[in-house]
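Residue numbers (UniProt numbering): 1 to 1085.
Heads up, the thing below is written out as structure tokens.
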Amino acid sequence: MKLLDLQFGDEISDIFRVDRFTPDDTWLDKICELRLVDGGKIELDLPKLREKLPQVFISPDSKSASQLVENWVPGIIILGYVMNINEQHIEVSCRQFRSPTITIPESLSITISDEFIDRYVAKYSKKAGNFKEAVRWLKDQFLLDDFGYWLVTQGSSNPSSEGGFSVLGKSYRIDLSKTPDGNLYPKRLIKLNNKNLSSEPVYLISQPLEFTDETIANVAQSAIINSLNNALKSENSWINSWRAYNEEEQRILEERFSTLPDLHYSSFSYEDYSEESRSIIHFNLSHDVVLNQWQKKITQEGLNIQILPETEIKEIQSSARVDGVAVECQLKKLQLIVEWSCDTSPQNKGFIRPSIALESSRIKTRDRALKKLENRQVKLPTLSLILEGSQIPQVPPRRERQNITQTAKRLFGGTPTPAQQKALSIALKTPDIALIQGPPGTGKTRVIQALLTLLTEGKRNEEVFENILVTSFQHEAVDNAIAGMKVSGLPVDRLGGQKGEDRGQALFDAWSEQVIQDVQKNIPEPEVPRRVLVEKLEDVVTHWRKAPSGRDSTQAVLEQFRDLTVDFLRPERCFELEKLLLARTQIVSPVMPKPVIEDEDNQVRLKKLLGKQCFTQDTFLENGSKQARSLKKFLDEHIDELSADQIEAVDIASNWDPEKSTHPEPWISLKAACQGIEDRLLEVPASNFPQEQNILDLEVETCLLNILSDLKNMKVSPEEKVYEALELFIRSLKEEKEKVREEIRQYASIQAVSCGQADSATLGMKDTQVFSLVIVDEAARANPLDLLIPMVKGRRIILVGDHKQLPHVLEREIEESLANQGSEKLEEVYRKSLFERLWDFLEKQSQFDNIERTVRLVDQFRMHPVIGKFVSDNFYADCPLNSSYVDAGNRINVTNLYNNKPIAWLDVPRQEGTGARSGKASWSRQAEVKRILEELKKILPILEERYPEVDPSHPQGMVGIITFYSGQEDAFNQALQDPKQGIKESWRKRVRVGTVDAFQGREYDIVYLSTVRSNQHQSIQKRLGFTALPNRLCVAFSRARCLLVGVGDSKCLAGLAPDGTPWSAPIKNFIDLCTSEAGYAEFKS
1 MKLLDLQFGD
11 EISDIFRVDR
21 FTPDDTWLDK
31 ICELRLVDGG
41 KIELDLPKLR
51 EKLPQVFISP
61 DSKSASQLVE
71 NWVPGIIILG
81 YVMNINEQHI
91 EVSCRQFRSP
101 TITIPESLSI
111 TISDEFIDRY
121 VAKYSKKAGN
131 FKEAVRWLKD
141 QFLLDDFGYW
151 LVTQGSSNPS
161 SEGGFSVLGK
171 SYRIDLSKTP
181 DGNLYPKRLI
191 KLNNKNLSSE
201 PVYLISQPLE
211 FTDETIANVA
221 QSAIINSLNN
231 ALKSENSWIN
241 SWRAYNEEEQ
251 RILEERFSTL
261 PDLHYSSFSY
271 EDYSEESRSI
281 IHFNLSHDVV
291 LNQWQKKITQ
301 EGLNIQILPE
311 TEIKEIQSSA
321 RVDGVAVECQ
331 LKKLQLIVEW
341 SCDTSPQNKG
351 FIRPSIALES
361 SRIKTRDRAL
371 KKLENRQVKL
381 PTLSLILEGS
391 QIPQVPPRRE
401 RQNITQTAKR
411 LFGGTPTPAQ
421 QKALSIALKT
431 PDIALIQGPP
441 GTGKTRVIQA
451 LLTLLTEGKR
461 NEEVFENILV
471 TSFQHEAVDN
481 AIAGMKVSGL
491 PVDRLGGQKG
501 EDRGQALFDA
511 WSEQVIQDVQ
521 KNIPEPEVPR
531 RVLVEKLEDV
541 VTHWRKAPSG
551 RDSTQAVLEQ
561 FRDLTVDFLR
571 PERCFELEKL
581 LLARTQIVSP
591 VMPKPVIEDE
601 DNQVRLKKLL
611 GKQCFTQDTF
621 LENGSKQARS
631 LKKFLDEHID
641 ELSADQIEAV
651 DIASNWDPEK
661 STHPEPWISL
671 KAACQGIEDR
681 LLEVPASNFP
691 QEQNILDLEV
701 ETCLLNILSD
711 LKNMKVSPEE
721 KVYEALELFI
731 RSLKEEKEKV
741 REEIRQYASI
751 QAVSCGQADS
761 ATLGMKDTQV
771 FSLVIVDEAA
781 RANPLDLLIP
791 MVKGRRIILV
801 GDHKQLPHVL
811 EREIEESLAN
821 QGSEKLEEVY
831 RKSLFERLWD
841 FLEKQSQFDN
851 IERTVRLVDQ
861 FRMHPVIGKF
871 VSDNFYADCP
881 LNSSYVDAGN
891 RINVTNLYNN
901 KPIAWLDVPR
911 QEGTGARSGK
921 ASWSRQAEVK
931 RILEELKKIL
941 PILEERYPEV
951 DPSHPQGMVG
961 IITFYSGQED
971 AFNQALQDPK
981 QGIKESWRKR
991 VRVGTVDAFQ
1001 GREYDIVYLS
1011 TVRSNQHQSI
1021 QKRLGFTALP
1031 NRLCVAFSRA
1041 RCLLVGVGDS
1051 KCLAGLAPDG
1061 TPWSAPIKNF
1071 IDLCTSEAGY
1081 AEFKS
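Shown next as structure tokens:
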């Protein structure tokens, strides 16, 4: 901190005579201290000149300087700055401070915690991410150069070391308090302004003021290192186990596709080709290819492929990129159908090879997260121990930040429930990690949004997280978590999406459209929007100057100026315009020069392609060749206009291979080529106009510029200024969307992205990026390795999910391979969700340090109370759900069926048809499809009449059909589309069909549950399959708001097993409840 930076201290400026020494230029701009010594002399201490000037005395040489000496009192410290020198005289600008009269300890120490860094320091300094960086910033702000002085104030006669005081800096103030153990803790860091600059006296203290590292990383460092080393040596190490899983996945992936032969194709054709959408390409294969192996590997998601030219097939050994997705093999036609994703067309002939580039990239991203855990490079120092289930060192909880704000309350529709308040409190106070369990319908999304609101609204009272990451393993879950969220009126920075998708753009567009509507609705238009007129005419002049046909339309430009400005211009300016108009009619315009690319759409397209090129090593390695190939495809039509160097640079970048290329840095030559291409194809060539034409055009341009100057210099009313400013704002939103969005991103305190893309350099998610808080939704469903990708970036972590619902899914081949390690490890490490593992561990940890880190939301707002109680009794008996907030009168069965009860069971016995295999690992049962369609024909007309307007994104009036098998899902979809079934198109819009996996997080007024299984096997796996899993049943039974109808073979599902227990207790309990007064049941003999 510099002396001249100070905003306080009594300011004085005096002239003094220097004794014994003659001042020179080395004295200028130096900090000095003035001390009164015996004899009325003043000692001048210049720290940076002490070796040259061991002791310098000065005498007053002005009236004010003499008065300074006369009025000098003990306890006054004067610091100065040498402003001017003149022979034996110097002018010193001084600030006068008091010195504390009490004894202050020889050294003072301020304790710095993670909370203080996150909450305050990181807010004002983005580089201050750890203790060392924070201390460096604090010393720069608060330590007075050269002397080691600190400026303090307290508000009493003297600052007391026994109580608290404040340290003042050039722009900020730290308020300190002293704890009983003698440590100083910072209570807050406040930016100084005219309102909070205190009128209290400011004191100088010279005792060393140090900073003590009490971050978790320092306090627990040795304990963390020892515990983690021991944990990693264990055979049951969680981190090592998942590293083994990751390595096994890579091995199986390579093994799975290494046996697939390359397919040679001789030609190809497009199907419904469109540049605006993905293209379908039919590759015609050679007669000697074998497609059977390929057909087995192409799943529902397809198989990623890469195209290789014939000349490179022997040289390229690995599949380094993805050109498309093979979706179908046509054995008879010898064709491979590919969904093409490249901007350029494939070679006329070549080879098709399976690509594991995307899968390998995902595995490498997971591996980087694992390495950070092993090497303690994560931002939450105790994260590795928490994952290993090792007891973590005791750390203090964070202070709860603030009460629930009105904005947060509105998200809950009023005051949140006690459970919701507790969830917010635990999330705000946890020093490391917190888990929020959100059973069905308990409003976990509202809790997430309320938490984000509390953290971002803290800006108003100096409490704010600088950056927050919201993430989930599914893009839809990310979108759901931030739906409608704004921070200080700005949209959340949503990144990424499906391949090639930018979901953030849709959010930004919706926000900007709403802002434009709001502004236009509330601003009165003045009679004369002069600034808007000026800008319009400036655009006309610019176009006239540069556009190929601009000068050729001079007549029209003059007429436009005359018509638009007639109400503003002086008579002599109007006469000048008319004179030029008359002169133009006597001149025949010459043919104007034009750029190589005349079409405006193609000009825009080329500019976009040039703008997407990658000119740095990092961006080029990520996406450079692909973008260069897109540019090359466009330039094919204009290749004769380009130089050989330009063509070669683009060609090298398009086909660059880091292992084989002789051009180590293609991005450098590409940059130069792009500039030349833009100049050659888009610039208008120079032209020599006839002398007479040039003279007249100069007169026209002078006249037009004079008119614009006249308009700009007109007096503007306040109303017009407001209107013009808002019009400019609206125009920026409409015409400069990319620029405005990028500017908004600079201020975004919340970023949202999927777990897998949380480490994507293409999206700007740098490997070293740190977030004050990471919030993960649907955490119980994510593969633990995918969860680690965002978790290693957070100083604190909030996981939201429900381990009683769907878990993560293991790859079948990997699961079978890992089963050889032992069934216990398979269950406890691989099959158990990370959410459930952490839940068990953190509840035990709380008994050690008394910090609550887990909380359940127990109040459900979705289901009819009868449905809610059934779900609670069967799946949440250890912590029952409360349905008292749901009014049964608002959850009415409107179908007039099932005695108007909220639950029903429709029995479809085995004699009506058993389940049948559908594909390799799925089942279907037509008898249940037939029965449910019969029910749909009864209820859909009623729903259409009651709810004429249908909104598929809203549950009202919607019907969900849930099944446990994709084969049954396909059977339902086929039946609904079959005209013979009589389901009208308007009815089909109200029906959604899906597996249990697809339905988690959704809700509908009416749900039909098709159980499918119908057999008499005595093995529970063969008898029930997926239907036996409690977490899947939990999801299936908890989607309905008003009416839940189960359909299936009750004897198969709810009969008694050999041990006397029901095959499925939840299904038996549901059927029993339906046969009671609470429900409706229909059985066939």
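Note that CB positions come from ideal geometry on N, CA and C, so glycine has one too.
For the candidate residues the options, whose alpha-carbon lies nearest to that of residue i?
| i | options | result |
| --- | --- | --- |
| V325 | T311, P354, I942, Q347 | P354 |
| T854 | S269, R862, K766, L838 | L838 |
| C614 | L577, S669, F568, R573 | S669 |
| A556 | L533, P571, L580, I903 | L580 |
| Y1004 | S1050, C1042, L788 | C1042 |
| L799 | S512, Q347, L469 | L469 |
| I404 | R376, P393, Q377, L452 | L452 |
| T111 | L144, Q67, E51, I174 | I174 |
| F283 | N292, I298, S267 | S267 |
| R321 | V327, V534, L308, K333 | L308 |
| F1070 | T1011, S425, I1020, L788 | T1011 |
| G756 | V792, A748, L387 | V792 |
| Q335 | T382, I814, W294, T311 | W294 |
| C94 | F16, F142, A649, R562 | F16 |
| E248 | G1046, E813, Y265 | E813 |
How big is the Cα-Cα spacing for residue i and residue j?
| i | j | result |
| --- | --- | --- |
| E816 | D509 | 47 Å |
| I961 | S345 | 42 Å |
| Q693 | S553 | Note that Q693 scores 49 on pLDDT, short of 50, meaning its location in the model is unreliable; the coordinates nonetheless yield the value given after this. Cα to Cα, the separation comes out at about 13 Å. |
| A761 | Q751 | 14 Å |
| K349 | A357 | 22 Å |
| F1026 | F964 | 7 Å |
| I903 | F870 | 10 Å |
| A423 | R856 | 7 Å |
| V478 | I789 | 15 Å |
What is the DSSP secondary structure of residue i, reduced to helix, strand or coil?
| i | result |
| --- | --- |
| M958 | coil |
| residue 1088 | Limits of the chain in this structure are 1 at one end and 1085 at the other, which puts residue 1088 out of reach. |
| W839 | helix |
| F97 | strand |
| Q67 | helix |
| A481 | helix |
| R1013 | coil |
| F16 | strand |
| D786 | helix |
| T895 | coil |
| Y172 | strand |
Closer than 9 Å, CB to CB, is residue i near chain C or not?
| i | result |
| --- | --- |
| A244 | Any reference to chain C falls outside this structure, which holds one protein chain only. |
With a CB to CB cut of under 6 Å and the five nearest residues on each side skipped, what residues in its chain are close to residue i?
| i | result |
| --- | --- |
| R503 | R494, G497 |
| S156 | Low per-residue confidence applies at S156: pLDDT is 45, beneath 50, and the placement is therefore not dependable, though the value from the model is reported in the following sentence. Nothing meets the Cβ criterion. |
| Q420 | V447 |
| S59 | R17 |
Go through its chain and collect everything with a Cβ distance to residue i's Cβ below 8 Å, but skip five positions before and after it.
| i | result |
| --- | --- |
| L682 | P595, V596, I597, Q603, L606, K607 |
| V290 | P261 |
| K499 | S341 |
| L711 | R530, L533, V534, L537, T565, F568 |
| N899 | Y1080 |
To which residues of the same chain is residue i closer than 7 Å at the C-beta, ignoring the five residues directly before and after it?
| i | result |
| --- | --- |
| K671 | F615 |
| K612 | Q627 |
| L609 | S630, L631, F634 |
Quiz item: Considering only residues of the segment 240–317, which uninterrupted alpha helix (DSSP H) runs meet the minimum length of 4 residues and lie entirely inside it, listed in chain order?
Solution: Listed in chain order, they are 292–297.
Quiz item: Residue ranges of each alpha helix (DSSP H) run of no fewer than 4 residues wholly in the segment 556–625, ordered along the chain?
Solution: The segment 556–625 is shown to contain whole alpha helix (DSSP H) runs of 4 or more residues at 571–584, 600–611, in chain order.
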